[in-house]
Amino acid sequence: MATTMAKALNDGLRAAMAADDKVLILGEEVGQLGGVFRITEGLQKEFGPQRVFDTPLAESGIVGTAIGMAMRGYRPVCEIQFDGFVYPAFDQITTQLAKLTYRHEGSLQLPVVIRIPYGGHIGAVEHHQESPEAYFAHTAGLTLVSPATAHDAYWMIQDAIKNPDPVIFFEPKSRYWQKGEVDTSNPSADMNKALVVRPGTDVTLIGHGAIVSMLMQVAEIAEGEGTSVEVVDLRSISPIDWDTLVNSARSTGRAVVTQEAPGNVSVGSEIAATLAERTFYTLEAPVIRVSGFDTPFPPAQLESSYLPSVDRILDAIDRAMAY
Amino acid sequence: MALFQFPLPDVGEGLTEAEIVAWRVKPGDQISLNQVVVEIETAKSLVELPSPFEGTVEALLVNEGDTVEVGAPIITVKDDSPEPPAAAPAAPAADVEEAVHDAEATIAQDEGEQPANLVGYGAQSDDKPTRRKRYASADKAEESGAKLPIQDSVPILAKPPIRKLAKEMGVTLSEVSPSGIGGEITRDDVISHAEQVKVFKNIDTPGWPKEREEVIPVKGVRKAIASAMVKSMFEAPHVSVFVDVDATRTMEFVKRLKASPEFAGIRISPLLVMVKAMIWAVQRNPTVNSTWSDKEITVHHYVNMGVAAATPRGLIVPNVKDAHTLSLRELAVALEQLTVTAREGKTSPEEMSNGTITITNLGSFGVDTGTPILNPGEVTIVALGTIKPKPWVVEGEVQSRMVTTVAASFDHRVVDGDVASRFVADVASVMEEPALLLD
Amino acid sequence: MPLSPDALQLLQPDGTLATGDHLEPYHAVIQGLGEDQLELMYRTMVITRALDLEAGTLQRQGQMALWVPSVGQEACQVGSGMATRRQDAVFPAYREHSVARLHGVSMLQIVRMMRGLTHGGWDPKDHDNFRLYTLVIGSHTLHATGYAMGIGLDGKAGTGNVEEDEATIVYFGDGATSQGDTHEAMVYAQSYQAPIVFFLQNNHWAISTPVRVQSRTPLYQRAAGYGIPSVQIDGNDVLISYAITQQMMNQARSGAGPQFIEALTYRIGAHTTSDDPTKYRDDEELRFWQERDPIGRFRVYLGDKGFSEEFFDQVDEQARDEVSDFRSGVLALGKPDSSQIFQHVYSAANKNLDEEAAWLAEFEDSFVPEGGH
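Residue numbers (the numbering used here), protein chains in the order written: chain A, 1 to 323; chain B, 1001 to 1439; chain C, 2001 to 2373.
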């Protein structure tokens, strides 16, 4: 059945809440309003205000109290309203959430999920279109995942909630209203695995979240021009599924890594360096990155020039093929 | 009784030194555990240091006003407690100096007796660090390179610059024989392959010609080759002998020569080593280096080393005169010259005559081994085949080693099986251990 | 600096009890204290101080990078620590060594962190939910609040059963009252009526920053601004610390929502052993507070109550014994294996991390061992 990603997430949350009554949902506007993107719509009505509740306008407080609730045995699923607003919680996420398990030397698990709508392509104002993955990918102790399709969203949110460790769940907000097939009887791959979503032989194209659908478009066009593109959906930003990436890069001999985030010191940088190290002998071309520019996210009218586009990605493929 | 030293601690998270402001005790004083013995000044503050030991002050090792590095011992205390400490005490010493020295020797080892200052030594002064000694790994190159083919199951190993070179030279990497230690294709491999390709390999498969026959007149070089081959084949009873050998050490030797300033700019290849091996083997088995006539066998006490060279017009065998007198370097130069001249088609008849023994390089064609035909007038010809990674048993374990087959054909009128075998075994043993050439 | 007129006090610096109608309820609580409880209070304060001083000495002998002294703050810690019930959760900051002792966490366990062997040191489950020390100022106030919210969600507060209902207490200092997280904690606690007592040890200094830089109003009034019932007490008075904490913990556990206690005390020592208070404090102030020492006045009180000299001597002897054991224990602490670096980063298996760990193990094995180390 074709559902929007927003509905798929809603259904996934519902399934998780029904399966385990220790699962809680908290955040700004998540209760009666159902979240500014309606991801939690109807859940308070169904599960009650003890389990689905609004928090004061204080992100550090959302994550900090969630930590306390997890210490008490709950599985809190926090919503941070927008990517650009996660920073007040940055300290609680990096000095506490990421490190408490390590600090407790095995006597504590923190099954906290932090859901963050992220990314551009929605024409929004400042702070509402960021891609802050790198800050968190750099922090040991956190797990980061991002679904690219409605089907993956449905299953990965449940995986994330079942995970015993903290998970940051990046939701590509520009995909919220895109429809896709969701098979609720057929689980998708483990959330920490990358997937080859389109096989190819000439060049490997890697990306996560919203950009994956663009990568599929790019592959179509390239095929028409005689280049066979393999598209890999990263899915797990931390830990990265190196086996899948390395096998793909080795078989094609060329890799292009794409991301909305600014390129300088990014997740893409890590992928490029590691692929170069592990597939040195079989690379026909250097690993090429296509990223946002190294500026703050610009005013919305400029976002289509700022963000990787079909043409910019094709250009990168051309450069890779020219070697 | 034991002597203990108190090293200056880092009292402020990363301090590297402190000034001794005032001693509160002097040698001979009885002090108790934690009694303040000295006041120091650090970058951050004035600090009193309590003694970690109980006993008699033996010596103050630094003076008031001195700036002391963290970790330097500042005071020696004699523990005159009646109960002997759990671990062996330091040897009693006649004078303080000796005592300090002895104490230093035992201090580090005793379990918990002399507690080492533990923490805060991250911010070190300018001590020059040195590299820690590592266990020698048996084949370091093998670890980094040779593991790759097995782990990664990759058919072609070539670094990006080599791939670029191959592309520019029109060489197909899958057709190149790799000679790198780890099984990778080297720059030389690509270049020599390109040369061979130029000389005798077809790049494209041509279509079937329209005519049913093509007639090539037999003359010139082709006629000469044919008559030589027939003469050789039907006059001399040919026997061919083969041995497989682990030539890894030859490959390493070749690699080292290539890197040596002595051999800079000179073409080095395994062929050079095999030629040297043959010369050495000839010394040990002189009859392989001779000429047959019905009446007499002339054993040559010099080696004119023939090297089979492929030219656009066919196979020729020029030889390096008195190769046995040449140094390794001279030999390398001579072989290179010989090849260049042959390719240019400028080899003189004089250069092609009076050879005493020949080597033919089948490996450059990518061929493992063969049964070469003797050069007329000679009784031995050696064939060098490909040298490539193959499974080999080393000390009971199967490993990947660079293996080659040494083949040789002999004129059985002169050379019997035992001499033939010994000669080939000698050549092979040098390929396995080039150091034998130092004999 | 004199105590503010609002500050509640039972045990005066001279060892006698204060009187007044407003103190009646607290006198009643104190009268209910058994001899064994009073003994435990005294013993805990004396021995913790002795161990604390020894830890500082060991630091000066190079056995720790850092030591965090709690000298001077024993009364509010012991009093409040004894007033919590076994089912309550205790969230310390990083200076609550007396409270730790009351929960069975030894000074040696605390020292392991200062010595670089661990970032934690104990399992809260083994210590009646005495949580780990948190070094980031104020961060843990949110965890405590979240935990208390969890108690509420579990329905374990406000049932009317004071013996079994649960509450949470969180300790923090005057510096923490400026941190955003502390304020967010109070916002959340009040919004959800969480069963939590915010216990502020105002020891008057945040390293070299005097409390007047943190606030122009008495700190307990900040909580009042959130609508949280708050009091100020003499933090060097173990009896009022006990009485007030018991009262407020019971209020919290009975469903009355968050409570706030400001205990006025003094950091007799330095912030840590890296600090030098002579650079920013004057001797007069130090002397003022030394004359108001929590242990001294309590000893007088106990003496008046009939506790014998033998008892006090026995406590001192026990302190000496424990100090000696503690010293040997510290000196015997070994070095961790480098494999510890990779443990417990995640509780689930992580392939990439396992590979890193294996690499380091192999790398370290590739070196010829150095003699004597």
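C-beta: ideal position from N, C-alpha, C; glycine also.
Quick caveat, the model's predicted, so the values are computed rather than measured.
Starting from residue i, find everything on chain C with Cβ-Cβ shorter than 9 Å and list it in chain order.
| i | result |
| --- | --- |
| B:Tyr1135 | Asp2365, Ser2366, Phe2367, Val2368 |
For chain C, find out if any of its Cβ atoms is closer than 8 Å to the Cβ of residue i; answer yes or no.
| i | result |
| --- | --- |
| A:Tyr135 | no |
| B:Pro1129 | no |
| B:Arg1132 | yes |
| B:Ser1013 | According to the sequence shown, residue 1013 of chain B is Glu rather than Ser. Interface residue, yes. |
| A:Ser107 | yes |
| B:Val1340 | no |
With a cut-off of 8 Å, does the C-beta of residue i fall near any C-beta of chain B?
| i | result |
| --- | --- |
| C:Ala2065 | yes |
| C:Thr2057 | yes |
| A:Glu284 | yes |
| C:Leu2017 | no |
From the DSSP output, which residues share a beta bridge with residue i?
| i | result |
| --- | --- |
| A:Gly180 | A:Thr3 |
| B:Lys1223 | For B:Lys1223, which the question treats as bridged, DSSP gives no partner whatsoever. |
| B:Val1299 | B:Ser1290 |
| C:Thr2168 | C:Ala2089, C:Ile2196 |
| A:Cys78 | A:Leu26, A:Ile114 |
| B:Asn1361 | B:Leu1384 |
| B:Val1427 | According to DSSP, B:Val1427 bridges with nothing at all. |
| A:Gln96 | Per DSSP, none; premise fails for A:Gln96. |
| A:Gln301 | According to DSSP, A:Gln301 bridges with nothing at all. |
| C:Ile1966 | Here chain C has residues from 2001 to 2373 only, and residue 1966 of chain C is not among them. |
Could you tell me whether the Cβ of residue i comes closer than 8 Å to any Cβ of chain A?
| i | result |
| --- | --- |
| C:His2119 | yes |
| C:Ala2206 | no |
| C:Thr2182 | no |
| C:His2143 | yes |
| C:His2103 | no |
| C:Gly2146 | yes |
| B:Arg1163 | yes |
| B:Glu1168 | no |
| C:Leu2132 | yes |
Is residue i helix, strand or coil by DSSP?
| i | result |
| --- | --- |
| A:Arg14 | helix |
| B:Lys1388 | strand |
| B:Pro1092 | Bear in mind that the predicted position of B:Pro1092 carries a pLDDT of just 39, short of 50, making it too unreliable to give a figure here. |
| B:Lys1164 | helix |
| C:Gln2061 | coil |
| B:Glu1097 | Confidence in B:Glu1097 is poor, its pLDDT being 42 and thus under 50, which makes the residue's placement unreliable; the coordinate value appears in the next sentence. Of the three classes helix, strand and coil, the one that applies to B:Glu1097 here is helix, per DSSP. |
| C:Gln2073 | coil |
| C:Thr2209 | strand |
Residues of chain A with CB under 8 Å from residue i, in chain order?
| i | result |
| --- | --- |
| C:Leu2333 | What C:Leu2333 touches in chain A: nothing, since even the nearest Cβ is about 15 Å away. |
| C:Val2187 | Pro56, Ala58, Gly61 |
| B:Lys1159 | Phe280, Tyr281 |
Please list, in chain order, the chain C residues whose beta carbon lies closer than 8 Å to that of residue i.
| i | result |
| --- | --- |
| A:Gly268 | Correct list: empty, because the minimum Cβ distance to chain C is about 17 Å. |
| A:Tyr74 | Gly2150, Leu2153 |
| A:Gln32 | Simply none; closest approach about 16 Å. |
Please look up how many angstroms separate the CB atoms of residue i and residue j, rounded, as I've assumed it's under 8 Å.
| i | j | result |
| --- | --- | --- |
| B:Glu1378 | B:Thr1356 | 6 Å |
| B:Ala1332 | B:Ile1268 | 6 Å |
| C:Gln2201 | C:Tyr2171 | 6 Å |
| C:Gly2150 | A:Gly61 | Rounded, the Cβ-Cβ distance is 15 Å, inconsistent with contact. |
| A:Val197 | A:Val229 | About 11 Å separates the two Cβ atoms, so there is no contact after all. |
| B:Leu1049 | C:Arg2060 | 5 Å |
| C:Gln2232 | C:Pro2210 | Incorrect: roughly 17 Å between the Cβ atoms, too far for contact. |
Show which residues of chain B have a CB atom less than 8 Å away from the CB atom of residue i.
| i | result |
| --- | --- |
| C:Lys2279 | Ser1045 |
| C:Arg2060 | Pro1009, Val1011, Val1047, Glu1048, Leu1049, Pro1050 |
Chain A partners of residue i, CB-CB under 7 Å?
| i | result |
| --- | --- |
| B:Pro1217 | The premise fails here: B:Pro1217 is roughly 47 Å from chain A at the closest Cβ pair, so nothing lies under 7 Å. |
If the cut is a Cβ gap below 9 Å, which residues of chain A does residue i touch?
| i | result |
| --- | --- |
| B:Lys1388 | Residues of chain A passing the Cβ test: none, with the nearest at roughly 17 Å. |
| B:Glu1175 | Chain A residues near B:Glu1175: none, gap ~17 Å exceeds 9 Å. |
Who are the neighbours of residue i on chain B, taking C-beta pairs under 9 Å?
| i | result |
| --- | --- |
| C:Thr2377 | Residue 2377 of chain C cannot be examined here, being either before or after the span of chain C that is shown, 2001 to 2373. |
Taking Cβ-Cβ distances shorter than 7 Å, what residues in chain C pair up with residue i?
| i | result |
| --- | --- |
| B:Asn1034 | Thr2057 |
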